[in-house]
Amino acid sequence: MAKTVKNIYRAINAHKLRFLTIALVIAIGITSFNGMITAFVHMTRTYDQAFEDHNMASFTMQTANPGGSGEDAWIDYANLTKFLNEFQEQEPRVKAYELRIVHNTVFEIRGIRQNGQIVAMSTQDSGGNYRDQPDVNGYKIISGTPFPELSRYQNVCLVEAHLAEYWKLDPQEFIAIGDTSIPFEIVGVIGSPEYLINQGSFADIMPSPRRFGVVFLPLKAAQSLLGVEGRVNEISVLLKEGLSKNSREKIANNLKLFLETNYDLKLSESVDIDNQASYWLLRLDIEEAREFGIVLPIIILGMAMGGLYVLLGRMVVAERKDIGVAQALGYDRKTIILQYLGISMAIAVVGTIIGTILGLLFLSYFSPFYVDMLTIPFTPEVTIEWPIVIVGVIIGLLTGLVGGYFPVRGSIQALPAESLRFDPSLHITSGKIPLIERILNKFKIRPKVTGLRLPIRNFFRSKRRTFSSVFAIVVSVSLISMAFGMMESMDRSLTFYYDVSEDWDLRIDFSEIPTNASQIARTIKQKVAGVTDITYHLLSGAIVTSSESTQGKQVSLVGMNDSNGYLGHTFDFEAGDWNPDGIVLSVPVAEGLNVGLNDEVKLELPRLTKLVSTTPLRAHFELVNITFQINGIIDEFNGLVAFVGLDHLVEVSNFPGEPANTILLKIENPTPERLELIREEIKANYSYNIRNIATKAEQRGELLDLLDLLYNIIYIVAIFAVLLSCAIIYNTIYINLQEQQREIATLLTIGTSNRKLIRNVTVENTVITLLGTVFGLILGWIMLWFFMRVILDMEFFRIKLFISNNTIFTSFILTYIGVLITQFFPLRSALNLNLAEATKERVV
Amino acid sequence: MSLEGIVTLENVNRVYHMGDHEIHALKDISLSLETGKLVVVLGPSGSGKTTLLNVLGAIDKCDGKITVNDLEITRLGKKQLTKYRRKKCGFIFQFFNLLPVYNALENVEYAIELATNLSRKEVTERATEYLRKVGLFEKRFHFPSQLSGGEQQRVAAARAMAKSPELLLCDEPTGELSVNEGKKVLTVIQNMVKERSDVLTILVTHNQKIAAIGDTIVRLRSGEVDSIEEQTPIPAEQLSW
Numbered sequence: 001m002a003k004t005v006k007n008i009y010r011a012i013n014a015h016k017l018r019f020l021t022i023a024l025v026i027a028i029g030i031t032s033f034n035g036m037i038t039a040f041v042h043m044t045r046t047y048d049q050a051f052e053d054h055n056m057a058s059f060t061m062q063t064a065n066p067g068g069s070g071e072d073a074w075i076d077y078a079n080l081t082k083f084l085n086e087f088q089e090q091e092p093r094v095k096a097y098e099l100r101i102v103h104n105t106v107f108e109i110r111g112i113r114q115n116g117q118i119v120a121m122s123t124q125d126s127g128g129n130y131r132d133q134p135d136v137n138g139y140k141i142i143s144g145t146p147f148p149e150l151s152r153y154q155n156v157c158l159v160e161a162h163l164a165e166y167w168k169l170d171p172q173e174f175i176a177i178g179d180t181s182i183p184f185e186i187v188g189v190i191g192s193p194e195y196l197i198n199q200g201s202f203a204d205i206m207p208s209p210r211r212f213g214v215v216f217l218p219l220k221a222a223q224s225l226l227g228v229e230g231r232v233n234e235i236s237v238l239l240k241e242g243l244s245k246n247s248r249e250k251i252a253n254n255l256k257l258f259l260e261t262n263y264d265l266k267l268s269e270s271v272d273i274d275n276q277a278s279y280w281l282l283r284l285d286i287e288e289a290r291e292f293g294i295v296l297p298i299i300i301l302g303m304a305m306g307g308l309y310v311l312l313g314r315m316v317v318a319e320r321k322d323i324g325v326a327q328a329l330g331y332d333r334k335t336i337i338l339q340y341l342g343i344s345m346a347i348a349v350v351g352t353i354i355g356t357i358l359g360l361l362f363l364s365y366f367s368p369f370y371v372d373m374l375t376i377p378f379t380p381e382v383t384i385e386w387p388i389v390i391v392g393v394i395i396g397l398l399t400g401l402v403g404g405y406f407p408v409r410g411s412i413q414a415l416p417a418e419s420l421r422f423d424p425s426l427h428i429t430s431g432k433i434p435l436i437e438r439i440l441n442k443f444k445i446r447p448k449v450t451g452l453r454l455p456i457r458n459f460f461r462s463k464r465r466t467f468s469s470v471f472a473i474v475v476s477v478s479l480i481s482m483a484f485g486m487m488e489s490m491d492r493s494l495t496f497y498y499d500v501s502e503d504w505d506l507r508i509d510f511s512e513i514p515t516n517a518s519q520i521a522r523t524i525k526q527k528v529a530g531v532t533d534i535t536y537h538l539l540s541g542a543i544v545t546s547s548e549s550t551q552g553k554q555v556s557l558v559g560m561n562d563s564n565g566y567l568g569h570t571f572d573f574e575a576g577d578w579n580p581d582g583i584v585l586s587v588p589v590a591e592g593l594n595v596g597l598n599d600e601v602k603l604e605l606p607r608l609t610k611l612v613s614t615t616p617l618r619a620h621f622e623l624v625n626i627t628f629q630i631n632g633i634i635d636e637f638n639g640l641v642a643f644v645g646l647d648h649l650v651e652v653s654n655f656p657g658e659p660a661n662t663i664l665l666k667i668e669n670p671t672p673e674r675l676e677l678i679r680e681e682i683k684a685n686y687s688y689n690i691r692n693i694a695t696k697a698e699q700r701g702e703l704l705d706l707l708d709l710l711y712n713i714i715y716i717v718a719i720f721a722v723l724l725s726c727a728i729i730y731n732t733i734y735i736n737l738q739e740q741q742r743e744i745a746t747l748l749t750i751g752t753s754n755r756k757l758i759r760n761v762t763v764e765n766t767v768i769t770l771l772g773t774v775f776g777l778i779l780g781w782i783m784l785w786f787f788m789r790v791i792l793d794m795e796f797f798r799i800k801l802f803i804s805n806n807t808i809f810t811s812f813i814l815t816y817i818g819v820l821i822t823q824f825f826p827l828r829s830a831l832n833l834n835l836a837e838a839t840k841e842r843v844v
Numbered sequence: 001m002s003l004e005g006i007v008t009l010e011n012v013n014r015v016y017h018m019g020d021h022e023i024h025a026l027k028d029i030s031l032s033l034e035t036g037k038l039v040v041v042l043g044p045s046g047s048g049k050t051t052l053l054n055v056l057g058a059i060d061k062c063d064g065k066i067t068v069n070d071l072e073i074t075r076l077g078k079k080q081l082t083k084y085r086r087k088k089c090g091f092i093f094q095f096f097n098l099l100p101v102y103n104a105l106e107n108v109e110y111a112i113e114l115a116t117n118l119s120r121k122e123v124t125e126r127a128t129e130y131l132r133k134v135g136l137f138e139k140r141f142h143f144p145s146q147l148s149g150g151e152q153q154r155v156a157a158a159r160a161m162a163k164s165p166e167l168l169l170c171d172e173p174t175g176e177l178s179v180n181e182g183k184k185v186l187t188v189i190q191n192m193v194k195e196r197s198d199v200l201t202i203l204v205t206h207n208q209k210i211a212a213i214g215d216t217i218v219r220l221r222s223g224e225v226d227s228i229e230e231q232t233p234i235p236a237e238q239l240s241w
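The listed protein sequences derive, respectively, from chains A and B.
Residues in the first sequence are numbered consecutively from 1, following the numbering used here.
Residues in the second sequence are numbered consecutively from 1, following the numbering used here.
Written out as C-alpha cells, the structure is:
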C-alpha cells in the first residue's frame with residue numbers, strides 16, 4: 001500500500017501542472033456548486049422567514065371595485081371588523097386579519113410625477129391601543145421610525161425601500177400624494193415581504209421604482225386623503241400555519257360567501273399567498289439561481305471528468321509497458337487500477353478541497369450578490385450548509401472516480417506480454433493517409449513532407465487523439481460563444497426592439513387616461529417644434545384564454561390605430577398580418593395557449609359600467625370576456641403582449657371619447673439635448689395630467705437595470721468559460737506534445753529547425769482550432785438555446801437567439817490565442833529537449 | 001598531416017552531473033578518424049561509446065575540440081549545429097525513430113528534402129533508389145507500424161544515407177533486432193560504406209562479434225580510449241551472435 005501511495009505521489013509530481021489544471025476545473029465546479037446552491041437555500045430560508053416574521057397574509061380579498069368610488073368600492077371599517085370577528089369565531093383557523101386600503105394613485109417626488117400605490121392600515125389594535133406593526137403584512141424598518149403613536153391623523157408615511165432607494169429618499173423629506181398633491185412627511189423607510197420585487201401593475205412590462213412605487217400611510221390619513229372616511233377596500237387574512245393551498249382557498253371562499261350572503265358586500269376573488277406577485281416572482285428568481293447552481297457545475301464538472309478521462313487515458317497508453325512490467329512482476333490488476341485511480345482521486349481530492357474552501361470563503365458573497373442584484377431589502381443569513389458541502393465533496397470525488405476508472409480499466413491487458421510489446425507512439429498513429437490528403441492528391445495537391453503534410457498527418461494520426469484535441473477546442477469555443485451569444489442575443493433583442501421595432505423618440509405616459517387623445521396629439525404636433533410624427537395607443541391589462549388550454553395569460557393589450565405609421569411598434573410577423581378587427585398575439589402567448597392563426601381567443605378585460613368624470617377619466621368597471629380571432633402572431637421582445645385595433649378596444653371597453661394612456665412622438669434630429677428641450681417644453685406648456693415623459697434611452701436603461709442579474713450571471717459564465725478553456729487547452733496541447741517527444745527529438749536531431757517545428761505544431765493546432773471551432777459553435781448554439789430557453793425561461797422578454805460573426809470570430813480568436821499561449825510552454829520545453837536522451841526515450 | 005576528409009577529436013571531455021556526483025562519460029578523448037571507413041566503437045555499458053557518438057552528432061555538448069572536415073563543430077551556435085546535423089550527419093538510432101505518420105518513402109524523403117535543394121521529383125527518385133538499395137522498394141508505401149523492426153531499421157538506414165551525409169552515426173543499430181534482422185541491417189550499412197568513400201561511418205555496439213564488420217575498432221573503457229585497432233572487415237552476412 002505504501003508503495004502504491006509512493007507511486008501515486010511520483011506520478012502526480014511528474015505532471016503536477018497538468019494535474020493542477022484539472023484540479024482547478026474541479027475546484028471551480030465545486031465552488032460554483034457550493035456557492036450557488038447554498039445561496040438558493042439561504043434565500044429561500046430568509047424569505048420564508050421574512051414572510052413568517054412579518055405575518056404575510058395567507059390570502060387577501062379586495063372589494064369588487066377597489067379602484068372606484070361606488071358602493072362596491074369601499075366597506076365600512078367598523079362594520080367589517082364586526083363581520084370578521086364573527087367569521088373568526090366560526091373559523092378558528094383564522095389567526096389574524098387586517099383591514100387596509102390599497103389604492104393606486106400618483107406621487108410627486110422632487111417635482112416629478114409617477115404612478116404608485118398607497119397601502120394604509122390602522123396604527124391601533126382592536127382594543128384601541130397604539131401598535132407599531134400591523135397584525136398582518138408587517139414590515140421591516142430599514143431607516144427612520146415606524147408611525148409614531150400620535151401620527152394617525154398626521155400626514156406621515158413610510159416609503160417602501162425600492163422607491164426610497166431610487167429617489168434617495170430619507171426620513172424627514174416630503175412626498176406629495178394624490179391628484180391634489182398633498183405633502184406627506186417620510187418617517188421611515190421600510191422593507192415589506194409584499195414588495196420584495198418591485199411589481200407594478202401587470203400591464204406594465206417594466207416595473208421599476210420610477211414607474212411604480214409603494215408608500216404606507218396611517219389608515220386615517222389615507223381615508224382623509226381619498227375622501228373615504230371610516231372605510232377600507234381590502235381584507236388581509238393570516239391563517240394558522242401548515243394549511244394547504246386548498247384549505248386556504250376554501251377558507252377564503254367561505255369568507256367571501258359569508259360576507260356576501262350575510263352582509264350583502266361585493267368582493268373580488270381572493271388572492272392566495274402562492275399567487276401573490278412578489279412571492280411568485282421571487283420564487284421564480286431564486287429558482288433560477290438554483291437551476292444555475294445545478295447546471296453550471298454539471299457542465300464544469302462534466303468537462304473536468306472529460307479532461308481527467310483524456311489525461312489518464314493517454315497517460316496509461318504511454319505507460320502501458322510499465323503496466324505490463326508491473327503485471328509481469330506479479331502486481332495484480334486491482335493494485336494497478338488502484339494506483340491510477342489513486343492519481344485521479346488525488347486530483348479530485350485536491351480540486352474538491354480547493355473548491356470546498358473557496359466555496360465556503362465565497363459563501364458570504366454569493367447570497368448577498370443575488371440579493372443585491374434583485375434589490376431585496378432582506379439580507380440573507382449566511383451559514384455553512386453542511387449537507388450541501390458533503391454533497392459537493394461527493395460530487396467532486398465522483399468526478400475523479402468516473403473520469404479515472406474507465407480509461408485505466410481499458411488499458412490493462414489480460415496478458416502482460418501484450419503490454420510489453422506495446423509501442424505507444426505507434427498506438428497513437430493510425431498508419432493511414434487521411435481522407436483529406438487523399439482528396440487533395442486527386443487534385444494533384446501534395447503538401448511537402450517537410451511542410452504541411454506533417455501537421456496534417458499529425459492531426460489525423462489517431463481518432464482518440466484527434467477527438468481529445470478537438471474536444472478541448474469545442475469546450476472552449478462553445479463556452480465562449482455561448483457566453484458572448486447570451487449577451488449578444490440580449491443586446492440584439494434590445495437594439496432591435498428600440499432601434500428598429502420602436503420608432504418613437506419621446507414617450508408621454510398619462511397619470512389618468514385623457515379622453516381627447518387625438519386633440520392632444522394634434523396640439524403637440526402643431527405647437528411643439530421638431531415633432532414630425534405622433535401616434536397614441538391605449539394600454540389595458542387583459543387575461544387571454546383559449547379553449548385549447550386551461551391556463552390564461554396575462555398580457556399588456558395595446559389598442560392602436562393602424563400598423564402602418566404606428567411609432568410604437570414595427571411588426572415582425574411570424575404568421576398572419578395586422579387586422580384591426582382581430583388580435584395579434586406574441587409567440588409565447590400563442591404557444592402558451594396552444595393556439596395558431598385564425599383560432600379564437602377570449603380576452604377578459606375591463607368594461608366601463610359607470611362614468612364618474614371624463615377629464616381625467618374616472619369610471620367603474622366590470623370584467624367582460626370578448627372573443628377575438630387571431631390575425632397575426634409576432635415573435636417580439638415583449639413576450640406578454642397583444643395588439644388589437646384601437647377602435648375595437650375602445651368599443652368593447654366602452655370608453656368615452658378618444659382615450660389613450662400613451663402618446664409617442666417622433667422628433668426631427670433627436671439629440672439628447674433636443675429631446676430634453678422638447679420634454680421641458682411639453683411639461684411646461686401642455687401638462688395634460690402627464691405622469692412621465694421618457695426618452696427611448698431612458699426606457700432602455702430601465703430595462704437594462706431590470707436585466708442586471710441576468711447580465712451578471714452571464715459575466716460569471718464568461719469568466720468560467722475562459723478559465724476552463726485555458727485549463728483544458730493547456731492540458732491537451734501539453735499531452736499532444738509530450739506524446740510526440742521522441743518524434744520531436746528525432747526531427748530536431750536529423751536537422752529540422754526550431755522554426756519549422758514551431759510552424760508545424762502551430763499549423764496542427766490551427767487546424768485543430770478551426771475544426772474545433774466549427775463543432776464548438778454548434779455546441780455553443782445548443783448550449784445558448786438550453787440556457788436561454790430552458791434555464792432562463794422568461795416569457796416576459798422574448799430574446800431571439802443570436803450569435804454574430806463577431807462572436808464567431810472572437811470565440812475563434814480567443815481560443816486561438818489561448819492555444820498559442822498554452823502551446824508556448826510545452827513547445828519551449830520540447831525545443832530544449834536533451835536530444836541524446838529524448839531520441840532513446842519511449843513516449844512519456 | 002592534412003585534415004581533409006578527417007574527423008578529429010582533441011581532448012574531448014563530457015561530465016554529467018547527477019546530484020552531487022560527477023560522471024566522466026568521456027575523459028580527454030583525442031582521435032583522428034578517416035572518411036570512407038566503418039569505425040566500430042566498442043565497449044561495455046557505461047564506457048562512453050554512445051556519448052562519443054552523441055557529441056560527434058552534435059546532440060550532446062562537450063569540452064574540447066571536434067572537427068569534421070575542417071568544420072569545428074564545438075564552436076558552432078545552435079542554428080549552425082542544426083544545419084550541421086541536417087547536412088552532414090546521418091543517424092541510425094537503436095529504436096529506429098521513424099516518423100510514424102509517414103510511410104517508408106516519406107520518411108526517407110523527409111531527410112532528403114530537408115538536406116538538399118532537389119526538386120520534389122528528384123527527392124522521390126532518390127528516396128526510392130535508397131529504399132531499393134535496402135531491399136524495401138516493395139514496401140515503400142508501408143507505414144512503420146506495418147514493418148518489422150529490421151525493416152524499420154533499414155528504412156532508417158536509407159533515411160540516414162539518402163541525404164549524402166559526411167558522417168553516418170549508428171547507435172546500437174541491431175540492439176532491438178533479431179540476429180537475422182540485425183545481419184540484414186549491418187549488411188546494408190556495410191554496403192553503403194563501400195559505396196561512399198566520402199562518408200565516415202561510426203557504429204557503436206557492445207557486441208564484440210559485430211565489431212568484426214568494421215575497418216577500425218575503437219575500444220572504450222570508462223570514458224577513455226583503451227585501444228584503436230585496424231582490421232580487415234568481414235561481411236556482415238557471415239556474422240553470427
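All C-beta atoms, glycine included, are put in the ideal place defined by N, C-alpha and C.
None of the values given here were measured: they were computed from a predicted structure.
Exposed or buried, what is ASP60(B) when buried is set at 16 or more other beta-carbons lying within 10 Å of its beta-carbon?
-> Buried, because 16 or more other Cβ atoms sit within 10 Å of the Cβ of ASP60(B).
Looking only at its own chain, which residues have a Cβ that is under 8 angstroms from the Cβ of GLU172(B), when we skip the five neighbours before and after it?
-> For GLU172(B), the CB contacts under 8 angstroms within the same chain, skipping 5 residues up- and downstream, are THR50, GLN94, VAL204, THR205 and HIS206 in chain order.
Which residues in the same chain have their Cβ closer than 7 angstroms to the Cβ of GLU10(B), if we skip the five residues on either side of it in sequence?
-> Here the set comprises SER30, GLY64 and LYS65.
Under 7 angstroms between beta-carbons, which chain B residues line up against SER753(A)? List them in chain order, please.
-> Simply THR82.
Could you spell out where the beta strand (DSSP E) holding SER30(B) opens and where it closes?
-> 21-34 is the span of the beta strand (DSSP E), which, as asked, contains SER30(B).
Residues near ARG842(A) by beta carbon distance below 6 angstroms, same chain, minus five either side = Its pLDDT being 49, under 50, ARG842(A) is placed unreliably in this model, and the value from its coordinates should be taken loosely. If the five residues before and after ARG842(A) are omitted, its C-beta is found closer than 6 angstroms to no C-beta atom of its own chain.
In chain A, which residues lie with their C-beta within 7 angstroms of the C-beta of PHE95(B)?
-> Near PHE95(B) (Cβ distances below 7 angstroms), the residues of chain A are LYS840.
Tell me where the alpha helix (DSSP H) around ASN115(A) begins and ends.
-> Looking at the DSSP string, ASN115(A) is not in any alpha helix (DSSP H); the run it does join, the beta strand (DSSP E), is 112-121.
Could you spell out where the alpha helix (DSSP H) holding PRO455(A) opens and where it closes?
-> Start and end: 453-459.
Same chain, Cβ closer than 7 angstroms to ARG131(A), five either side skipped, listed in chain order = Contacts found: THR123, GLN124 and ASP125.
Are any of the Cβ atoms in chain A nearer than 8 angstroms to that of ILE92(B)?
-> So no, ILE92(B) is outside the interface.
State the DSSP-derived secondary structure class of VAL199(B), mapped to helix, strand or coil.
-> Judged by DSSP in its simplified three-state form, VAL199(B) adopts coil rather than helix or strand.
How about ILE813(A): is its C-beta nearer than 8 angstroms to some C-beta of chain B?
-> For ILE813(A), the answer is no, since every Cβ of chain B falls outside 8 angstroms of its Cβ.
DSSP bridge partner residues for TYR195(A) (one or two, in chain order) = According to the DSSP secondary-structure assignment, TYR195(A) is paired through a beta bridge with no residue.
Proximity winner among ASP198(B), THR8(B), GLU129(B) and HIS142(B), relative to ASN73(B) (alpha-carbon distances) | It should be noted that the sequence gives Ile, not Asn, for residue 73(B). Comparing alpha carbon positions, the residue from ASP198(B), THR8(B), GLU129(B) and HIS142(B) closest to ILE73(B) is THR8(B).
Where does the unbroken alpha helix (DSSP H) through GLY138(A) begin, and where does it stop?
-> It is not in any alpha helix (DSSP H) - GLY138(A) carries neither H nor E in the DSSP assignment.
Candidates GLY128(A), GLN62(A) and ILE534(A), of which the one nearest ALA78(A) by Cα | For the residues GLY128(A), GLN62(A) and ILE534(A), the minimum Cα distance to ALA78(A) belongs to GLY128(A).
Does any residue of chain A bring its CB to less than 8 angstroms from the CB of ARG85(B)?
-> Closer than 8 angstroms to some Cβ of chain A, the Cβ of ARG85(B) qualifies, so yes.
Residues that ASP60(B) contacts on chain A, provided the C-beta gap is smaller than 8 angstroms = Under the 8 angstroms cutoff, chain A gives ASN834, LEU835 and ALA836.
Just reading off the alpha helix (DSSP H) that LEU243(A) is part of, what are its end residues?
-> Following the DSSP letters along the chain, one finds LEU243(A) in no alpha helix (DSSP H), marked with neither H nor E.
Taking Cβ-Cβ distances below 8 angstroms as the criterion, which residues of the region 451-471 of chain A are in contact with chain D?
-> The structure shown contains no chain D; the protein chains it does contain are A and B.
Residue-level contact to chain A via CB, MET1(B), 8 angstroms cutoff = Any answer about MET1(B) is weak, because its pLDDT of 38 lies below 50 and its placement is not dependable; what the coordinates show is given next. Answer no: the Cβ-Cβ gap between MET1(B) and chain A never drops below 8 angstroms.
In chain order, what residues of the same chain lie with their CB nearer than 7 angstroms to the CB of PHE40(A), ignoring the 5 residues before and after it?
-> Once the five neighbours on either side are set aside, the close Cβ partners of PHE40(A) are ILE286, ALA289, ARG290 and GLY293.
Is the distance from the Cβ of ALA542(A) to the Cβ of LEU557(A) below 8 angstroms?
-> Yes, the Cβ-Cβ distance between ALA542(A) and LEU557(A) is below 8 angstroms.
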